[in-house]
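Contents: one structure, followed by commentary.
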Amino acid sequence: EDQVTQSPEALRLQEGESSSLNCSYTVSGLRGLFWYRQDPGKGPEFLFTLYSAGEEKEKERLKATLTKKESFLHITAPKPEDSATYLCAPPYSNTGKLIFGQGTTLQVKP
Amino acid sequence: DSGVTQTPKHLITATGQRVTLRCSPRSGDLSVYWYQQSLDQGLQFLIQYYNGEERAKGNILERFSAQQFPDLHSELNLSSLELGDSALYFCASSVGPPGQGYEQYFGPGTRLTVT
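So the sequences go chain by chain: C and E.
All the letters of the first sequence, read from the start, carry residue numbers 63 to 172 under the working numbering.
All the letters of the second sequence, read from the start, carry residue numbers 3 to 117 under the working numbering.
The following block contains the structure:
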């Protein structure tokens, strides 16, 4: 069965302290990855789609990269407003279902 | 604002009751998806529709049902409610068929509380 694993589950950073989140997967017919951001009590907000290994996309302090087996979301010099849960999911599946990882909850302290 | 609307925002009801949650997709989107998120839990896929046709089911209980209407809005019906059904229910939409790489855009959710 398709499985998406995100690590770490939780991450606490000081403002300005860069780090990376990981999303790994065993998915049949994998082609790419979605990244989303979710604030508490809100709907997930679409961030990026990565379609092929080696592809990179950036948005403000976030940079997403993709290999054949995993993806990283790099956060450079984070600010408190970057605090949220970050979710990943493969965009293609044989079943048509979008399977989200459990997420990484990021807390950035001022 | 994603362009996906959900009503109501909050719903408080008693065990055993039935409720209907409503979702309007973004303009032009043909696919609608429903998810459940319990407190401190991940997003659980429930069901999805494309242009009025059911395409896939997740771990949706038999007490739950949904449909997508000709105008593409969707409704999720929850019946014989139990305390454990208390959760955030999200609707999402995409322009193309499920599982084909189209980004999903999520609504603000309906918070259901069963007392």
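All residues carry an ideal CB built from backbone N, CA and C; glycine is no exception.
How should residue i be labelled, buried or exposed, when 16 other C-beta atoms within 10 angstroms of its C-beta is the threshold for buried?
i, result
"L78 of chain E", "buried"
"P140 of chain C", "buried"
"T115 of chain E", "exposed"
"I260 of chain C", "Residue coverage of chain C in this structure runs from 63 to 172, which leaves residue 260 of chain C outside it and unanswerable."
"S133 of chain C", "buried"
"Y113 of chain C", "exposed"
"R99 of chain C", "buried"
"P100 of chain E", "buried"
"K159 of chain C", "buried"
"T117 of chain E", "exposed"
"T166 of chain C", "buried"
"D101 of chain C", "exposed"
"P106 of chain C", "buried"
"D3 of chain E", "exposed"
Can you give the Cα-Cα distance for residue i and residue j, rounded to whole angstroms?
i, j, result
"A94 of chain E", "E77 of chain C", "32 Å"
"T129 of chain C", "G18 of chain E", "48 Å"
"R57 of chain E", "E118 of chain C", "31 Å"
"A126 of chain C", "L83 of chain E", "41 Å"
"L63 of chain E", "E71 of chain C", "28 Å"
"L109 of chain C", "S67 of chain E", "30 Å"
"Y52 of chain E", "E79 of chain C", "43 Å"
"F96 of chain C", "G116 of chain C", "15 Å"
"E122 of chain C", "Q46 of chain E", "29 Å"
"S82 of chain C", "R20 of chain E", "44 Å"
"V170 of chain C", "L149 of chain C", "17 Å"
"V66 of chain C", "Q164 of chain C", "8 Å"
Going by DSSP in three states, residue i sits in which element: helix, strand or coil?
i, result
"L85 of chain E", "helix"
"E143 of chain C", "helix"
"F92 of chain E", "strand"
"T127 of chain C", "strand"
"F108 of chain C", "strand"
"R24 of chain E", "strand"
"R65 of chain E", "coil"
"Q43 of chain E", "coil"
"V34 of chain E", "strand"
What span of residues does the beta strand (DSSP E) with residue i cover, start to end?
i, result
"Q46 of chain E", "46-52"
"E77 of chain E", "76-80"
"T115 of chain E", "112-116"
Next on the checklist: Measuring CB atoms only, is the stretch 132-149 of chain C touching the stretch 62-74 of chain E, in the sense that at least three cross pairs come out at less than 8 Å?
Outcome noted: no
Checklist entry - Using 8 Å as the threshold, is the stretch 40-50 of chain E in touch with the stretch 20-30 of chain E, meaning 3 or more CB pairs across them? => result no
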